[in-house]
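Trainee:
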Amino acid sequence: DDKLRAHMTILRSLGSRGRLNEAISYGLTVLDGLGEHLPRHPNQIQIALDFLRCQLMEVKSRVIDRSAIEGLVTMGDMVDGHKLAAMKILHILTSFCFQVQPELMGLIIFRMVQLSRSHGICPESSLGFAAFGLVISCFGDIDKAYRYGKLALSILDNRTSDRNLHVPSVYLVVYFMVNIFREPVQACVEQLRHACEIGKSVGDVEWTLINAGAEVELALKNGFNLKDLLGRIRGYLGEMKKYNHYSHLVTLPPYQTILNLIDDEGTGDPTILTGAAMDQAAVLDICMKDGNNNLACMIGSDRLWLANIFNRHDAAKTVILEFHQSRHGFQADDLVHFTFNSGLAAAWIARNEGRSQGMWRKQANTALASIRDYATNHSAWNFEAKQHILAGEVHYMNGNVNDAASCFKEAITVADERNFPHEKALAYERLGILYSETGSVDAAKEFFESAHKAYLEWGARRKARAVYEERLALKGSAADSK
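When the letters of the sequence shown are read in order and numbered with the numbering used here, they come out as residues 221 to 702.
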């Protein structure tokens, strides 16, 4: 009705201007009026109890075997007007809470699931079940999370008359946060791009722009061409500024990361996200002011990645210690990336520093066990190259040079077959470092030349220049950084 539309307009207006906490407070007041009461500042016990209620509803309805979750698509329609209105408000609040109040986001997701199970299916149910899958994935049950993602897509395709209005939000969760553990990441990026196009066609500014940031971030971390990504991200930022939308902040770290990788004239510290796109200190101040832990984590993850790429091991150590001493929590999409990079850094530190070696060895081995689990039990396509690279570093840490070399060579093969040029380049470089440090200078030079070529293939001109200057500025080198 008119009153609900007015509430939704106010909510979206507050959110688009970056007043997320104010928007959340307003939305919770609207929900109170609809009979759906949620605590403003939930504690861990309240979150756990609400999650347990969802689990008990699953058991009570005998949703235990493989067919049962998928069968939820056949439930009756939600007809209660107050519940339908509540689901629309909860749907809007999801994106705001994801940025600045992740604890409350959990309760919002659980309420969407509870209302859908108790009162029937509505278009917003698809996001509720997709996001519930995300929560379950955080507890390690990737298989069930994937099934909930498929349920969300089934509801979207079979039970939603205005399907395109919900594609951007549902695809964001399914393809950015859940399906990356089961399906080739290149396909997930394409689905996010598809969601952006659909969002534009229906005028959904909010979720379209969030999708755009997610698409660029996922593509960047998985070896898509940097020059192409730079063009896309500049186009998206233009749209975000046009609408004065808060999501432009989320796009700044990947934008600056790309610039740090491709700027072959750059002279500053490539692990600091300060330059033409953003000022790292200023953005972190905004994170602290707004409580935006997700953005702070993104900055930390990108900095750690750059530290490993540019072999700035002191910087990597600093980032790891900062996050071990903080309460920041990584979302599922970035957890694997941070785990992999923290493992790489820990293995190097343990191999080269006598102090606290045991702590770093433990972290490297723990990271390897996690990445191996992802590659073995979930998606070999997405994670196998990472597994081989990290295994190579751990073998080298333990003094097993031949095993380390074999792992790096296997990583090169896998990364090349699956079109991950960034990981192919990294494996070539690590193999070159291994041979150069163990006395095989001619072999090392060959692998450094291959790393140089692979970094150029990816578009990382500044890193290619670094490889040339630091490793290949030797008489007779065939490399050409131009």
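Ideal Cβ positions, reconstructed from N, Cα and C, are used throughout, including at glycine.
Just so you know, these numbers come straight off a predicted model, no measurement behind them.
With Gln334 as the anchor, note down where its alpha helix (DSSP H) starts and where it stops.
Mentor: From DSSP, the alpha helix (DSSP H) with Gln334 extends over 322–339.
Trainee: Apply the 10 Å Cβ neighbour rule to His227 and answer buried if 16 or more other Cβ atoms are within range, or exposed otherwise.
Mentor: Looking at its Cβ environment, which holds 16 or more other Cβ atoms inside 10 Å, His227 is buried.
Trainee: Hey, Arg402 and Tyr366: beta-carbon distance below 7 Å or not?
Mentor: Yes.
Trainee: Please report the straight-line C-alpha distance between Arg452 and Val436, rounded to a whole angstrom.
Mentor: When rounded, the distance between both Cα atoms is 8 Å.
Trainee: Arg286 to Ser233, Cα distance in whole Å?
Mentor: Only weak support is given to the placement of Arg286: the predicted model assigns it a pLDDT of 46, under 50, and the value that follows is read from those uncertain coordinates. Roughly 42 Å separates the two Cα atoms.
Trainee: So, with DSSP's three-state summary, where would you put Asp534?
Mentor: It is helical.
Trainee: For Ile443 and Asp489, what's the separation of their Cα atoms in angstroms?
Mentor: The sequence given here has Gly at residue 443, not Ile. Approximately 22 Å between the Cα atoms of the pair.
Trainee: Could you compute how far the alpha carbon of Ala432 sits from the alpha carbon of Asp424?
Mentor: Each residue's Cα considered, the two are about 12 Å apart.
Trainee: So is Val687 buried or exposed if we call it buried at 16+ other beta carbons inside 10 Å?
Mentor: The residue is buried, with at least 16 neighbouring Cβ atoms inside 10 Å.
Trainee: Return the residue from the list Gly563, Asn512, Leu373, Thr494 that minimises the CA-CA distance to Trp525.
Mentor: That would be Gly563, whose Cα lies nearest to the Cα of Trp525.
Trainee: Round the Cβ separation of Thr380 and Ser346 to the nearest angstrom and send it over; I've been treating them as touching at under 8 Å.
Mentor: The Cβ separation is near 6 Å, so the contact holds.
Trainee: Could you name the residues of the same chain whose beta carbon sits closer than 7 Å to that of Ile632, not counting the 5 residues immediately before and after it, in chain order?
Mentor: Excluding residues within five positions, the ones whose Cβ falls inside 7 Å are Lys644, Ala647, Tyr648.
Trainee: Return the first residue and the last residue of the alpha helix (DSSP H) that Phe352 is part of.
Mentor: 345–358 is the extent of the alpha helix (DSSP H) around Phe352.
Trainee: Ends of the alpha helix (DSSP H) at Pro474?
Mentor: Where Pro474 is concerned, the enclosing alpha helix (DSSP H) stretches over 468–482.
Trainee: Please classify Asp221 as buried or exposed, where buried requires at least 16 neighbouring CB atoms within 10 angstroms.
Mentor: The residue is exposed, with fewer than 16 neighbouring Cβ atoms inside 10 Å.
Trainee: So, are the CB atoms of Ile529 and Lys683 less than 7 Å apart?
Mentor: Yes, they are a contact pair.
Trainee: First and last residue of the alpha helix (DSSP H) that includes Ser281?
Mentor: No alpha helix (DSSP H) holds Ser281; DSSP gives it neither H nor E.
Trainee: Among His642, Ala351, Leu555, Trp601, whose alpha-carbon lies nearest the alpha-carbon of Met518?
Mentor: It is Leu555.
Trainee: Rounded to whole angstroms, what's the CA-CA distance from Gly578 to Lys537? Just pull it up for me.
Mentor: For Gly578 and Lys537, the distance between alpha carbons rounds to 15 Å.
Trainee: Give every residue of the same chain whose Cβ lies closer than 6 Å to the Cβ of His465, excluding the five residues on either side of it in the sequence, and list them in chain order.
Mentor: Closer than 6 Å at Cβ, skipping near neighbours: Ser236, Leu429.
Trainee: Assign Asp522 to one of three DSSP states: helix, strand, or coil.
Mentor: Helix at Asp522.
Trainee: Mapping the DSSP letters down to three states, classify Asp300 as helix, strand or coil.
Mentor: Note: Asp300 maps to coil in three-state DSSP.
Trainee: Count Cβ pairs between the region 386–401 and the region 263–278 that sit closer than 8 Å; are there 3 or more?
Mentor: No contact exists between the region 386–401 and the region 263–278.
Trainee: For Ala268, count neighbouring Cβ atoms within 10 angstroms of its own Cβ and tell me buried if that reaches 16, exposed if not.
Mentor: Ala268 is exposed by the Cβ-count criterion.
Trainee: Please determine if the region 503–523 and the region 459–476 are in contact, where contact requires at least 3 C-beta pairs separated by less than 8 Å.
Mentor: Contact between the region 503–523 and the region 459–476 is present, because at least three Cβ pairs lie under 8 Å.
Trainee: Give me the residue from Arg260, Val614, Ala306, Leu254 with the minimum Cα distance to Glu242.
Mentor: For Glu242, the nearest C-alpha among the options comes from Arg260.
Trainee: Helix, strand or coil for Asn442 per DSSP?
Mentor: Looking at Asn442 - three-state DSSP - the assignment turns out to be coil, as it is neither helix nor strand.
Trainee: Quick one: is Met498 buried, meaning 16 or more other Cβ sit within 10 Å of its Cβ, or exposed?
Mentor: Buried, because 16 or more other Cβ atoms sit within 10 Å of the Cβ of Met498.
Trainee: According to DSSP, is Leu385 part of a helix, a strand, or is it coil?
Mentor: Leu385: helix per DSSP, three-state reduction.
Trainee: In the DSSP assignment, find the alpha helix (DSSP H) that holds Leu258 and state where it starts and stops.
Mentor: It is not in any alpha helix (DSSP H) - Leu258 carries neither H nor E in the DSSP assignment.
Trainee: Given that a residue counts as buried once 16 or more other Cβ atoms are within 10 Å of its Cβ, and exposed if not, what is Glu657?
Mentor: Exposed: under 16 other Cβ atoms inside 10 Å.
Trainee: In the DSSP assignment, find the unbroken alpha helix (DSSP H) run with Ile609 in it and report its ends.
Mentor: 600–617 is the extent of the alpha helix (DSSP H) around Ile609.
Trainee: Nearest CA to the CA of Leu303: which residue from Leu313, Ile329, Cys342, Pro322?
Mentor: According to the sequence provided, residue 303 is Lys. The question's Leu does not apply to it. The shortest C-alpha separation from Lys303 is found at Cys342.
Trainee: Between Arg638, Leu515, Asn639, Glu669, which lies nearest to Arg650 when the distance is taken from Cα to Cα?
Mentor: Considering only alpha carbons, the answer is Glu669.
Trainee: To the nearest angstrom, report how far apart Glu637 and Ala439 are at their CA atoms.
Mentor: If I take the Cα positions, the gap works out to 17 Å.
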